[in-house]
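Visitor: Could you have a look at this structure, given as structure tokens, before my questions?
Protein chains: 2
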Amino acid sequence: MTKPRVRNMEEFSSFSGVSRPTVSKYFNDADSVRASTRQKIEKALEQCDYRPNIFAINQNRKLTKNFGIVVPYLADPFFAEIARRIETLVIAAGLRPILLSSHGDPELELGNLDALRLIKPAGVLLAPLGRASNRMALEAFCADVPTVNFDANIEGVGRAFVGHNNDQATEIMIEYLLRSGEPPVFFEMRTPPNPNANKRRVAYIDTMERRGQNPQIVQAEGEGWKIEEIGYREGRRAISENLFSTNTVFCSNDRLAIGFLSAAYELGLRIGRNDDCALRVAGHDNHPFSRYTCPTLTTVSHDYSAIAQRSVETVLKLIESETFPSQRETTLFDGELIMRASA
Amino acid sequence: MTKPRVRNMEEFSSFSGVSRPTVSKYFNDADSVRASTRQKIEKALEQCDYRPNIFAINQNRKLTKNFGIVVPYLADPFFAEIARRIETLVIAAGLRPILLSSHGDPELELGNLDALRLIKPAGVLLAPLGRASNRMALEAFCADVPTVNFDANIEGVGRAFVGHNNDQATEIMIEYLLRSGEPPVFFEMRTPPNPNANKRRVAYIDTMERRGQNPQIVQAEGEGWKIEEIGYREGRRAISENLFSTNTVFCSNDRLAIGFLSAAYELGLRIGRNDDCALRVAGHDNHPFSRYTCPTLTTVSHDYSAIAQRSVETVLKLIESETFPSQRETTLFDGELIMRASA
DNA sequence: TATTTAATTTAACGCGCGTAAATTAATATC
DNA sequence: GATATTAATTTACGCGCGTTAAATTAAATA
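Line by line, the protein sequences give chains A and B. Sequential numbering of the first sequence, starting at 1, is according to the numbering used here. Sequential numbering of the second sequence, starting at 344, is according to the numbering used here.
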């Protein structure tokens with residue numbers, strides 16, 4: 001019953017009756033050995049539970065099967081969700097994902113990259129903090145390790161960027177809001193941690209002007225990643241001080257909108273597109289919780305799966321080719337209008 | 344400007360003028376060498392950026408500085424939050440946290456433990472899936488690796504358990520609800536993934552009976568970790584079918600409550616403790632989003648920081664002592680009533 | 001059956017570090 | 001200043017596996 005303990009490849013070699021180099025070959029690529037020897041090995045594998053020592057394997061490799069995934073803030077379900085998808089794809093590609101969160105802290109972001117360096121990852125997918133990131137350090141890292149930048153685009157960071165088309169996404173939401181009611185006022189953080197926010201502001205202004213509308217922006221004070229709280233506090237203030245010139249609020253992201261909805265509810269405002277509603281509210285991101293807000297949040301969705309898929313594909317290609325791409329390619333995926341009850 | 348490249352400890356030894364074994368000693372414990380030699384090493388460390396190869400280090404160690412953290416579902420902000428705290432403590436203890444999520448999948452849970460085995464972690468903190476977990480396999484793992492079980496208690500898994508006092512927490516909420524209005528009906532999943540739910544049901548029934556009340560339970564159908572959705576769908580159904588015999592609903596957890604609130608809102612029910620409200624709703628967990636629901640959710644909080652702290656302490660003690668504790672100790676931390684607007 | 005080709009075996013070295021024993025040097029104690 | 005103590009150095013081996021070259025064997029082809 002009790003399987004014999006096999007301590008190393010040497011022992012497994014004699015146990016299976018296959019020479020050690022061949023066993024080694026098998027573990028690197030099971031198809032690289034003859035079918036008959038493969039059977040011998042796999043039969044032996046069933047009778048004892050030997051597994052190669054991962055440290056010894058990686059010691060001589062310049063490149064391991066490790067794969068780093070760095071996100072700025074894992075407690076944000078948005079990043080948890082996209083990380084989950086990426087993890088799955090990475091595993092399917094035969095690599096070992098290592099998920100790291102920077103927890104909103106630029107020093108920890110550097111620490112994470114430092115930790116990744118040690119484990120010589122084959123590739124890295126990096127969603128940087130953004131404004132707070134130490135750009136020089138990130139660039140230095142990307143020069144050494146095949147890295148693709150995703151979610152938050154920082155020029156020069158990573159050998160490619162895969163992300164969300166903020167321009168298009170902002171535009172379709174504005175178009176929808178314009179044709180279905182009063183023009184939207186943009187509600188955002190004055191100093192957002194994430195660069196997508198800036199893209200969205202610019203896109204808002206551009207689109208509004210192109211439509212002959214007067215762009216209006218209400219900015220929330222506050223720093224950091226406690227975005228719902230900022231949306232709540234500043235939303236409450238903005239409503240109280242009557243800062244919104246129309247009945248339509250387009251929040252820069254869903255977390256801000258979640259806080260805003262909470263404030264509006266507390267102030268007794270009805271939100272929605274019915275006649276008896278005081279305000280329409282829209283968000284941006286299709287945050288996992290946006291379908292459970294009160295009312296459910298009309299928003300514009302990232303193409304989560306496409307972004308995850310393309311990101312992984314791009315790094316894998318990078319790894320395979322072993323070349324430095326001559327230019328940093330940028331891939332953006334269009335957003336999709338998610339019609340719910342809030343606007 | 345360009346720092347000389349130092350490839351290994353040998354080279355660093357001659358670079359710094361300190362013998363290799365001493366350098367090795369330094370990297371294992373900087374205080375174990377004489378202050379003067381320590382200075383020599385650290386000065387050299389500034390002039391070149393050598394760092395020991397982590398794979399070579401761990402190859403000879405039976406025990407690494409790796410530390411595993413396994414949670415059942417990282418996309419749940421509750422687990423993200425507690426994982427974040429644990430990570431911080433583990434880093435402070437000089438260990439390298441490896442955070443793994445089972446994504447609600449029992450096979451992945453085993454895969455995670457398998458992956459952890461390979462990296463010979465000094466210790467592991469394991470929050471199991473619960474009902475779906477392969478208990479035998481978990482036990483086998485815990486026999487080999489110093490593991491402390493947290494959050495979801497599975498008898499026999501881990502050498503200690505640290506968690507939330509579901510009995511006490513349930514009781515204080517029921518007491519509050521009883522003295523402030525109608526008796527609570529318990530709303531839960533019929534087949535909850537997490538064993539805490541069962542504890543809470545039992546505690547609900549016990550407390551109600553001790554108070555001379557008639558316990559009433561409404562059970563939601565549905566499997567898996569999409570708990571908000573289940574809360575929404577089944578909450579909507581239960582309200583429509585008039586299954587609640589009083590105006591007070593005590594949800595088994597906040598995620599269920601979040602879904603329930605969304606359903607109630609959609610059905611036009613006012614939630615809260617005012618006279619004009621149709622329903623009072625309470626939750627359990629103090630989920631990060633519970634303060635942004637509409638209305639804000641009255642709930643009972645985990646002592647997040649105490650649980651995180653004690654969990655880490657317990658594993659560290661286990662690691663240090665290198666002994667198998669004669670009995671599996673269970674530590675529970677009391678919950679705290681979080682009064683908000685929903686009940 | 002002879003020949004070519006492919007796979008396996010044997011033997012041996014290297015990776016970067018941990019670690020132990022014996023020796024030497026630097027401090028601390030009297 | 002002599003001795004005892006502590007720390008550093010020298011030397012050497014081992015960890016488990018990758019990898020390579022030459023020798024051998026097995027399979028595929030003619």
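Glycine included, each C-beta is placed from N, C-alpha and C at the ideal position. All values derive from a computational prediction rather than experimental measurement.
What residues of chain A sit near B:H446, judged by a beta carbon separation below 7 Å?
Guide: As a working note, residue 446 of chain B is residue 103 in the second sequence. Chain A residues near B:H446: R84.
Visitor: What does the alpha-carbon distance come out to for the pair A:L344 and A:E209?
Guide: The requested residue 344 of chain A is not part of the displayed model; chain A covers only 1 to 343.
Visitor: Taking C-beta pairs closer than 9 Å, name the residues in chain A that B:E571 reaches, listed in chain order.
Guide: Here the question's residue 571 of chain B lines up with position 228 in the second sequence. Within chain A, the residues near B:E571 are P288, F289, R291 and Y292.
Visitor: Whole angstroms is fine: what's the gap from A:H284's alpha carbon to A:A343's?
Guide: In the first sequence, residue 284 of chain A corresponds to position 284, counting from 1. In the first sequence, residue 343 of chain A corresponds to position 343, counting from 1. Approximately 12 Å between the Cα atoms of the pair.
Visitor: Are the C-beta atoms of B:N401 and some chain A residue less than 7 Å apart?
Guide: The count along the second sequence starts at 1 and reaches residue 401 of chain B at position 58. So, interface residue.
Visitor: For the segment 484-491 of chain B and the segment 656-666 of chain B, state whether three or more C-beta atom pairs, one from each stretch, are separated by less than 8 Å.
Guide: yes
Visitor: Using 8 Å for Cβ pairs, my map puts A:K199 next to A:N166. What's the rounded Cβ distance?
Guide: By 1-based counting over the first sequence, the position of residue 199 of chain A is 199. By 1-based counting over the first sequence, the position of residue 166 of chain A is 166. In this structure, A:K199 and A:N166 form a Cβ contact; the two beta carbons are roughly 4 Å apart against a cut-off of 8 Å.
Visitor: Under a three-way DSSP split, which group does B:D628 fall into?
Guide: Here residue 628 of chain B is taken as the residue at index 285 of the second sequence, counted from 1. The answer is strand: DSSP assigns B:D628 an E or B state.
Visitor: Whether or not the segment 20-34 of chain A and the segment 355-371 of chain B are in contact is what I'm after, with contact meaning three or more pairs of Cβ atoms, one per stretch, closer than 8 Å; do they touch?
Guide: no
Visitor: What does a CB cutoff of less than 6 Å around A:I217 pick up in its chain, not counting 5 residues either side in sequence?
Guide: Counting from 1 along the first sequence, the entry for residue 217 of chain A is found at position 217. Correct list, in chain order: F186.
Visitor: Kindly indicate if chain B contains any beta-carbon less than 7 Å away from that of A:A80.
Guide: Taking the first sequence and counting its residues from 1, one reaches residue 80 of chain A at position 80. Yes, because at least one Cβ of chain B sits closer than 7 Å to the Cβ of A:A80.
Visitor: Am I right that B:A387 and B:S357 are in contact with their C-beta atoms under 8 Å? What's the rounded C-beta distance?
Guide: For the purposes of this step, residue 387 of chain B is taken as the residue at position 44 of the second sequence. For the purposes of this step, residue 357 of chain B is taken as the residue at position 14 of the second sequence. Their Cβ separation, rounded to whole angstroms, is 10 Å, which puts B:A387 and B:S357 out of contact at 8 Å.
Visitor: Put A:M189 into one of helix, strand or coil per three-state DSSP.
Guide: Translated into the one-based positions of the first sequence, residue 189 of chain A becomes position 189. Strand at A:M189.
Visitor: Taking a Cβ distance cut-off of 8 Å, strictly less, list which residues of the segment 236-270 of chain A are near chain B, in chain order.
Guide: I258, G259, L261, S262, Y265 and E266
Visitor: Taking 8 Å as the cut-off, does the segment 615-626 of chain B touch the segment 650-659 of chain B (at least 3 CB pairs, one atom from each stretch)?
Guide: No, the segment 650-659 of chain B is not in contact with the segment 615-626 of chain B.
Visitor: State yes or no: is the beta carbon of B:I397 nearer than 7 Å to at least one beta carbon in chain A?
Guide: As a first step, residue 397 of chain B must be located in the second sequence, where it is residue number 54. Judged by the 7 Å Cβ criterion, B:I397 is in contact with chain A.
Visitor: Can you give, in chain order, each stretch of the alpha helix (DSSP H) that sits fully within the segment 15-78 of chain A and has at least 4 residues?
Guide: Annotation: the segment 15-78 of chain A contains the following complete segments of the alpha helix (DSSP H) (minimum length 4 residues), in chain order: 20-28, 35-47 and 54-60.
Visitor: From A:A308, A:E234 and A:E336, pick the residue whose C-alpha is nearest to that of A:I69; which is it?
Guide: Here residue 69 of chain A refers to the residue found at position 69 when the first sequence is read from its first residue. Comparing Cα positions, the closest option is A:A308.
Visitor: Just the C-alpha distance for B:R427 and A:P72, rounded to the nearest angstrom, thanks.
Guide: What you label residue 427 of chain B is simply residue 84 of the second sequence in a count that begins at 1. What you label residue 72 of chain A is simply residue 72 of the first sequence in a count that begins at 1. Roughly 12 Å separates the two Cα atoms.
Visitor: Compare the C-alpha of B:F593 against each of B:S633, B:T642 and B:E584 and name the closest.
Guide: Numbered from 1 along the second sequence, position 250 holds the residue referred to as residue 593 of chain B. Per the Cα distances, B:T642.
Visitor: Measuring straight from C-alpha to C-alpha, what distance separates A:F244 and A:P183?
Guide: To locate residue 244 of chain A, count along the first sequence from 1; it is residue 244. To locate residue 183 of chain A, count along the first sequence from 1; it is residue 183. About 11 Å.
Visitor: For A:A75, would you say it is in contact with chain B, using Cβ-to-Cβ distances shorter than 7 Å as the test?
Guide: On the first sequence, residue 75 of chain A is found 75 positions in, with the first residue counted as 1. With 7 Å as the cut-off, A:A75 counts as an interface residue toward chain B.
Visitor: Enumerate, from N- to C-terminal direction, the unbroken alpha helix (DSSP H) stretches of 4 or more residues contained entirely within the segment 189-258 of chain A.
Guide: Complete alpha helix (DSSP H) runs here, min 4: 196-210 and 227-240.
Visitor: With a cut-off of 8 Å on the beta carbons, I'd call B:R478 and B:V500 a contact; round off their distance for me.
Guide: Here residue 478 of chain B refers to the residue found at position 135 of the second sequence. Here residue 500 of chain B refers to the residue found at position 157 of the second sequence. At roughly 7 Å, the Cβ-Cβ gap stays under 8 Å, so B:R478 and B:V500 are in contact.
Visitor: Between A:S342 and the ligand NAP, is there a pair consisting of the residue's CB and a ligand heavy atom that are separated by less than 6 Å?
Guide: Among the ligands in the structure shown, none appear at all, so the ligand NAP cannot be discussed.
Visitor: How would you call A:E87, buried or exposed, if buried means at least 16 neighbouring beta carbons within 10 angstroms?
Guide: Walking along the first sequence from the start, residue 87 of chain A turns up at place 87. By the 10 Å Cβ count, A:E87 comes out buried.
Visitor: Rounded to whole angstroms, what is the Cα-Cα separation between B:H645 and A:L177?
Guide: Against the second sequence, residue 645 of chain B aligns to sequence position 302. Against the first sequence, residue 177 of chain A aligns to sequence position 177. Distance between the alpha carbons of B:H645 and A:L177: 41 Å.
Visitor: Which parts of the segment 131-167 of chain A are runs of the beta strand (DSSP E), unbroken and 3 residues or longer, counting only runs that do not cross its ends?
Guide: Listed in chain order, they are 147-150 and 160-164.
Visitor: Along the chain, where does the alpha helix (DSSP H) containing A:I119 start, and where does it finish?
Guide: On the first sequence, residue 119 of chain A is found 119 positions in, with the first residue counted as 1. Note, A:I119: premise wrong, no alpha helix (DSSP H); not H, not E.
Visitor: Would you say A:A263 and A:Y232 are within 7 Å of each other, going by their C-beta atoms?
Guide: Within the first sequence, numbered from 1, the residue matching residue 263 of chain A stands at position 263. Within the first sequence, numbered from 1, the residue matching residue 232 of chain A stands at position 232. Going by C-beta atoms, A:A263 is nearer than 7 Å to A:Y232.
Visitor: Enumerate in chain order the residues of its own chain whose CB-to-CB distance from A:L108 is below 7 Å, with the five nearest sequence positions on each side excluded.
Guide: In the first sequence, the residue the question calls residue 108 of chain A occupies position 108. Cβ within range, chain order: S102.
Visitor: What does B:R394 reach in chain A if we use C-beta pairs closer than 9 Å?
Guide: Against the second sequence, residue 394 of chain B aligns to sequence position 51. By Cβ distance, chain A contributes D114, R117 and L118.
Visitor: Could you give the DSSP three-state label for B:F676: helix, strand or coil?
Guide: As a working note, residue 676 of chain B is residue 333 in the second sequence. Three-state result, B:F676: strand.
Visitor: Roughly how far, in whole angstroms, is the beta-carbon of A:I258 from the beta-carbon of A:E228, given that I think they are within contact range, below 8 Å?
Guide: Working through the first sequence from its first residue, we reach residue 258 of chain A at position 258. Working through the first sequence from its first residue, we reach residue 228 of chain A at position 228. At roughly 5 Å, the Cβ-Cβ gap stays under 8 Å, so A:I258 and A:E228 are in contact.
Visitor: Identify every residue that forms a DSSP beta bridge with B:S644.
Guide: Residue 644 of chain B sits at position 301 when you count from the first residue of the second sequence. DSSP lists B:D628 and B:E679 as partners of B:S644.
Visitor: Mapping the DSSP letters down to three states, classify A:P97 as helix, strand or coil.
Guide: The sequence position of residue 97 of chain A within the first sequence is 97, counting from 1. Of the three classes helix, strand and coil, the one that applies to A:P97 here is strand, per DSSP.
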